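>
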Amino acid sequence: MILGVVGMAGCAQVERVFAPRAEPAPEVVAPMTPDDLDATTPAERKAARVEAATARAGALGPTVASLGSPAEPGLWLKTPLVDAPARGRVDYAVTGQSVAVDLIPLDAVPGSGSRLSLAGFRAVGAPLTALPELQVYRLAD
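Just so you know, we're using numbering that gives the first Met the number 0 here: the sequence shown kicks off at 0 and counts up by one.
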C-alpha cells in the first residue's frame, strides 16, 4: 500500500513536469492601415493637386515607382532623375491623376526605378502593391 501511495505521488510530480503549460495569450495589435500611416492632411493633398495642375514644368522622364518607407511622411519621390532636391510633379496615366511632390535624389542608375511616398501613391490613385509607371516633371521656380 505504501508503494502505491508513493507511486501515485511520483506520477503527480511527473505529470506536473511534462504537462503542457498555458502560454500567455499574445497581445493583439490592430493592423495599421494606409489611413493611419498617411499623415498628409486633406488641405495638403488639395494644394499639391492644384500646384501640379497650375505650375509650369519640364519633363524629366518616366520611372517605375515602388512604395517608399511609410514611416517617412509627406509627398515625395526619391529618384535618380534628379541630382539635387527640387519641386516636381508626377503623373499616373492609368488614373489620370497628378500631384506635386518633393523630388529627392536617389543614388542609383537612371532607369533603375524610384520610390514614391505612401501619400504620393494615394494621391495619384496607384494600388499600394503596384509598380506604377509615372511621368516625372521638375516644376519651374
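The beta carbon of each residue, even a glycine, is placed where N, CA and C say it ideally should be.
Model, not experiment: these values are computed from the prediction.
May I have the straight-line CA-CA distance separating V87 from P30, to the nearest angstrom?
At residue 87 the sequence reads Gly, which differs from the Val that was named. Using only the alpha carbons, I get a separation of about 32 angstroms.
> Candidates D90, A92 and W75: which alpha carbon is nearest P84's?
Residue W75 is the option with its Cα nearest to P84.
> Quick one: give me the first and last residue of the beta strand (DSSP E) that T78 is part of.
T78: member of the beta strand (DSSP E) spanning W75 to T78, first to last residue.
> Could you compute how far the alpha carbon of L2 sits from the alpha carbon of P25?
Because L2 sits at a pLDDT of 48, beneath the cut-off of 50, its placement in the model cannot be relied upon, and the following sentence gives the value as read from the coordinates. About 43 angstroms.
> Within its chain, find whatever has a CB closer than 6 angstroms to the CB of A64; leave out the 5 residues flanking it on each side and keep chain order.
Hits under 6 angstroms: S113, L115, P131 and L133.
> Say yes only if the C-beta of V49 is nearer than 7 angstroms to one or more non-hydrogen atoms of the ligand ADP, and no if none qualify.
By its list of ligands, the structure shown contains no ligand whatsoever, and the ligand ADP lies outside what it can speak to.
> Could you have a look at M81 and say whether DSSP puts it in helix, strand or coil?
In the sequence under discussion, the amino acid at residue 81 is Val, which differs from the Met named in the question. Three-state result, V81: coil.
> I need the straight-line Cα distance from A21 to V28, nearest angstrom please.
21 angstroms
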